[in-house]
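Keeping their order, the protein sequence lines are chains D and R. Each residue of the first sequence is one higher than the one before, starting from 3 at the first, in my numbering. Each residue of the second sequence is one higher than the one before, starting from 3 at the first, in my numbering. For every residue, glycine included, the Cβ atom is placed at its ideal position computed from N, Cα and C. These notes concern the structure reproduced below.
Number of protein chains: 2
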Amino acid sequence: MPAAKARPAAYHHGNLRDTLIALASARIAKAGAADFTLRELAAEAGVTHVATYRHFSSREALLAAIAADGYRRLQAQEAAAQEALGTDHWARLLVLPETYLRFMLDTPGHFHVMFAHRWSDDATYDEAIAAQAESFALLERSVADCQAAGVLPAGAASRLTAAMLGVTHGLASLWLSGQLDIVMPARRRADRFILETLKASFEAFRVSDPELWRAK
Amino acid sequence: MPAAKARPAAYHHGNLRDTLIALASARIAKAGAADFTLRELAAEAGVTHVATYRHFSSREALLAAIAADGYRRLQAQEAAAQEALGTDHWARLLVLPETYLRFMLDTPGHFHVMFAHRWSDDATYDEAIAAQAESFALLERSVADCQAAGVLPAGAASRLTAAMLGVTHGLASLWLSGQLDIVMPARRRADRFILETLKASFEAFRVSDPELWRAK
DNA sequence: GACTCATGTTACCGTTGGTAACTTAAAAGA
DNA sequence: TCTTTTAAGTTACCAACGGTAACATGAGTC
Numbered sequence: 003m004p005a006a007k008a009r010p011a012a013y014h015h016g017n018l019r020d021t022l023i024a025l026a027s028a029r030i031a032k033a034g035a036a037d038f039t040l041r042e043l044a045a046e047a048g049v050t051h052v053a054t055y056r057h058f059s060s061r062e063a064l065l066a067a068i069a070a071d072g073y074r075r076l077q078a079q080e081a082a083a084q085e086a087l088g089t090d091h092w093a094r095l096l097v098l099p100e101t102y103l104r105f106m107l108d109t110p111g112h113f114h115v116m117f118a119h120r121w122s123d124d125a126t127y128d129e130a131i132a133a134q135a136e137s138f139a140l141l142e143r144s145v146a147d148c149q150a151a152g153v154l155p156a157g158a159a160s161r162l163t164a165a166m167l168g169v170t171h172g173l174a175s176l177w178l179s180g181q182l183d184i185v186m187p188a189r190r191r192a193d194r195f196i197l198e199t200l201k202a203s204f205e206a207f208r209v210s211d212p213e214l215w216r217a218k
Numbered sequence: 003m004p005a006a007k008a009r010p011a012a013y014h015h016g017n018l019r020d021t022l023i024a025l026a027s028a029r030i031a032k033a034g035a036a037d038f039t040l041r042e043l044a045a046e047a048g049v050t051h052v053a054t055y056r057h058f059s060s061r062e063a064l065l066a067a068i069a070a071d072g073y074r075r076l077q078a079q080e081a082a083a084q085e086a087l088g089t090d091h092w093a094r095l096l097v098l099p100e101t102y103l104r105f106m107l108d109t110p111g112h113f114h115v116m117f118a119h120r121w122s123d124d125a126t127y128d129e130a131i132a133a134q135a136e137s138f139a140l141l142e143r144s145v146a147d148c149q150a151a152g153v154l155p156a157g158a159a160s161r162l163t164a165a166m167l168g169v170t171h172g173l174a175s176l177w178l179s180g181q182l183d184i185v186m187p188a189r190r191r192a193d194r195f196i197l198e199t200l201k202a203s204f205e206a207f208r209v210s211d212p213e214l215w216r217a218k
């Protein structure tokens with residue numbers, strides 16, 4: 003949200019890095035990561051395209067910065083949402099897919115880069131991995147907490163975690179790529195449809211036979 | 003698998019269209035859709051890059067053709083797998099995520115274009131929509147069949163379908179983008195891990211309370 | 001008030017996707 | 001069998017792109 007585009011006459015932009023990230027995310031949300039060009043982006047920010055190289059070593063590095071920013075924000079939003087819920091383990095678990103979904107709806111550009119982009123150079127992308135792992139750890143810890151409290155069936159936590167992450171991420175990305183319309187009855191309130199499907203799925207996992215999730 | 007690269011001296015290639023699709027898919031599998039260039043692709047096929055425009059009106063149109071080809075092949079593989087199973091509705095349903103996963107593992111390039119690519123021009127992509135809808139219809143019909151046979155809980159078929167599609171697609175694409183490693187205990191035999199998680203999820207859905215899936 | 005250096009600029013490069021005009025050879029008609 | 005048509009290649013060219021080198025500006029420090 004940094005509206006640092008205020009002084010067009012100034013030689014120095016002021017906050018070009020964040021501005022570029024925000025502008026790029028908006029463009030990616032519309033037409034994908036393949037579409038945007040550094041030149042158009044820089045022009046929109048009021049600088050030449052070469053100025054971008056002061057903040058990102060390459061176009062791919064800008065994408066990596068967007069991904070890292072996204073993982074950090076997602077993790078922060080998830081942690082904040084859980085914070086407000088005290089020690090109700092089940093509620094703390096259920097708030098995660100909801101936050102995940104809202105993050106995708108609010109910042110689809112970030113989401114797309116985080117999950118749909120194929121990195122040609124893994125090294126540039128390494129910075130994002132840490133923040134990403136934290137977000138996943140949050141889910142796994144919540145699952146373990148629920149298992150310890152007897153709210154979720156015992157067994158391999160990784161299986162349950164994978165199933166929950168899978169259905170959440172799957173519905174979110176299918177919706178983002180417009181491919182959920184086919185299976186959805188009404189287009190209106192798609193977020194409600196997804197959210198209720200997620201809740202039903204989590205509930206089904208909750209009451210399921212522990213034997214299902216035991217490692218074979 | 004058309005190995006039409008046999009006659010390098012010939013002026014006419016013979017089967018350039020299919021060759022380009024196969025080569026592009028292989029390149030996309032390695033480094034994503036943003037990476038490959040028409041010129042490199044054409045050179046690999048033994049022609050100049052302008053020759054590609056005889057078969058695809060643009061780079062994006064080639065991607066759309068890959069997607070359409072993918073949806074057709076996925077649907078055909080799913081239908082063939084179900085064919086062999088007669089009237090066992092539950093087995094016919096369970097074979098779908100397995101086929102879906104195998105398709106992703108066998109042709110990751112196709113899968114990436116089908117589900118992770120953002121289309122800048124929807125018109126070019128329209129051809130793929132039909133084949134895509136058929137694949138989804140196959141799942142929804144199997145769910146309805148299971149419900150009619152009393153194998154799956156009654157209720158809105160669209161919810162159950164969305165949940166199953168979601169967990170299947172979610173785990174497949176998380177694995178494809180390398181983001182499932184974090185939540186997985188052992189890297190070896192990841193396909194087994196995913197497949198068993200999918201089976202456990204479907205089983206959890208099967209024995210769940212019908213009230214969960216009723217439209218609200 | 002001079003120095004420093006982060007942050008801009010212009011000039012330029014090879015490569016890319018795409019168009020126009022021409023060439024080749026396989027198939028169709030007489 | 002010879003001519004004609006046409007699908008499928010070619011070379012020549014273009015503007016735009018990502019990226020590099022060398023230079024310019026101006027805010028903060030001593």
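Under the three-pair Cβ rule at 8 angstroms, the stretch 188 to 208 of chain R does not count as touching the stretch 135 to 150 of chain D. Ranking R/Glu-142, R/Tyr-55, R/Ala-217, R/Ile-68 by CA distance to the CA of R/Ile-131 puts R/Ile-68 first. Residues of the stretch 106 to 121 of chain D that bring their beta carbon within less than 8 angstroms of a beta carbon in chain R comprise His-114, Phe-117, Ala-118, His-119, Arg-120, Trp-121, in sequence order. Assignment of alpha helix (DSSP H) within the stretch 47 to 111 of chain R, counting only whole runs of 4 or more residues, yields 61 to 85, 91 to 108 in chain order.
Only residues of its own chain outside the window of five on either side were considered, and among them Ala-35, Val-115, His-119 have a CB closer than 7 angstroms to the CB of D/Leu-65, listed in chain order. Look at R/Ile-30 here: in three-state DSSP terms it is helix. Only exposed fits D/Gly-16, as fewer than 16 other CB atoms lie within 10 angstroms of its CB.
For the C-beta of D/Thr-163, the chain R residues within less than 9 angstroms are, from N- to C-terminus, Val-185.
Taking 9 angstroms as the Cβ-Cβ cut-off, the stretch 32 to 53 of chain R approaches chain D at Lys-32, Ala-33, Gly-34, Ala-35, Ala-36, Asp-37, given in chain order. Each residue's CA atom was taken as its position, placing R/Asp-108 and D/Gly-48 some 46 angstroms apart. Per DSSP, reduced to three states, the secondary structure at D/Met-186 is coil, with no helix or strand assignment.
R/Ser-179 has a beta carbon lying within less than 8 angstroms of a beta carbon in chain D. Fewer than three pairs of CB atoms, one per stretch, sit closer than 8 angstroms, so the stretch 84 to 103 of chain R makes no contact with the stretch 18 to 25 of chain R. R/Thr-163 is positioned such that its CB atom lies closer than 8 angstroms to that of D/Val-185. Taking one beta carbon from each stretch, the stretch 166 to 179 of chain R and the stretch 158 to 177 of chain D have 3 or more pairs nearer than 8 angstroms; the two touch.
Rounded to the nearest whole angstrom, the C-alpha separation of R/Asp-193 and R/Gln-181 is 14 angstroms.
Residues of the stretch 130 to 146 of chain D with a C-beta atom less than 9 angstroms from some C-beta of chain R are Ile-131, Gln-134, Ala-135, Phe-138, Ala-139, Leu-141, Glu-142, listed in chain order. In its chain, beyond the 5 residues on either side, Glu-80 have a beta carbon closer than 6 angstroms to the beta carbon of D/Leu-140. For a cut-off of 8 angstroms, the C-beta gap from D/Arg-216 to R/Thr-199 is around 12 angstroms, too long to register as a contact. If you look at R/His-171, you'll find it in the alpha helix (DSSP H) that goes 159 to 178. D/His-171 belongs to the set of residues whose beta carbon lies under 8 angstroms from a beta carbon in chain R. If you ignore the 5 residues before and after D/Gly-72, its C-beta comes within less than 6 angstroms of the C-beta of His-112, Met-116, all in its own chain and listed in chain order. At least one CB of chain D lies nearer than 8 angstroms to the CB of R/Leu-167.
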